[in-house]
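Participant: Below: one structure in C-alpha cells.
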Amino acid sequence: MDTKGKPVQFSRIETHDIVHPSDANAYGNVFGGHLVALMDKAACMVAYRHSEAKVVTVSVDGIYFQHPAPVGTMLTLLASLNRAFHSSMEIGIKVIGWRPNEPDVEICKAYMTFVAIDEDSKPMAIPPVIPETEEDKRRYNNAMIRREARLALRDKLVEKGFRSL
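Heads up, the numbering used here is the position in the sequence shown plus 79, with the first residue counted as 1.
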C-alpha cells in the first residue's frame with residue numbers, strides 16, 4: 080500500500096452516457112434508479128483506482144435530484160474522491176445534462192461511501208488522499224463533517240434500539 084497517499088486527481092473520472100427511451104419513465108425522463116446505477120458505477124471506478132483493491136458500496140448519502148433529464152439528454156458524470164479514511168472512501172458524484180441549444184444543467188448529485196476489501200471480504204487499509212486544490216481541500220474537510228454526522232446518527236439509532244431497516 081502507498082502510505083504516502085495519492086492526489087485527488089489520480090482517481091478522478093469523467094464518464095458519459097445518453098438517456099435512451101429504455102432508460103425513461105412514462106413522462107419521457109430518465110428513471111432516478113438508472114441515474115443512481117450510473118453514479119454507483121462511476122464512484123466504484125474512483126474507489127477502485129484509489130485503493131487498487133476490490134471495493135463495495137456501503138452507503139449512498141444525500142442524493143439530490145435537481146432537474147429532469149429527458150430522452151436524448153447527454154449525461155456527463157463527474158466523480159471525485161473527497162476523503163479516504165482507514166478502509167472507507169467518500170466519493171462525490173455530479174451528473175450534468177447537455178441538450179442542443181440549451182444551457183448545461185445539474186441533473187443530480189450524491190455522496191457515496193465505499194470500503195476496500197481483501198480476499199476474505201474484510202475491510203483493508205487504503206492510502207490517504209492528498210487534496211491539492213482549494214476545491215479539493217473544501218471537499219476533504221466537508222467529507223469529515225458528513226462522516227461525523229453519519230456516525231452520530233448511527234450511534235443515536237443504536238442507542239434507541241434501532242437494529243436495521
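Note that the Cβ used here is the ideal one computed from N, Cα and C, for glycine as well.
Values in this document were obtained by computation on a predicted structure and should not be read as measured data.
Taking 6 Å as the limit between beta carbons, can you name the residues of its chain near Asn180, skipping five residues before and five after?
Facilitator: Cβ neighbours of Asn180 beyond the five flanking positions: none.
Participant: CB Ala126 to CB Ile170, shorter than 9 Å?
Facilitator: yes
Participant: Hey, could you find the ends of the alpha helix (DSSP H) Met124 is sitting in?
Facilitator: 111–130
Participant: Using 8 Å as the cut-off, can you tell me whether the segment 199–212 makes contact with the segment 183–191, which would need three or more C-beta pairs spanning the two stretches below that distance?
Facilitator: no
Participant: Please check the pair Val135 and Val208, which I expect to be a contact at CB under 8 Å, by giving their CB distance rounded to whole angstroms.
Facilitator: Not really, about 19 Å apart at Cβ, beyond 8 Å.
Participant: Using the Cα positions of Gly84 and Pro210, report the straight-line distance between them to the nearest angstrom.
Facilitator: 10 Å
Participant: Leaving out five residues before and five after Arg91 in sequence, what residues of the same chain have Cβ atoms less than 6 Å from its Cβ?
Facilitator: Exclusion of the five residues before and after Arg91 leaves Ser159 as the residues of its chain whose Cβ lies within less than 6 Å of its Cβ.
Participant: I need the straight-line Cα distance from Lys173 to Ser101, nearest angstrom please.
Facilitator: The alpha-carbon atoms of Lys173 and Ser101 are separated by roughly 22 Å.
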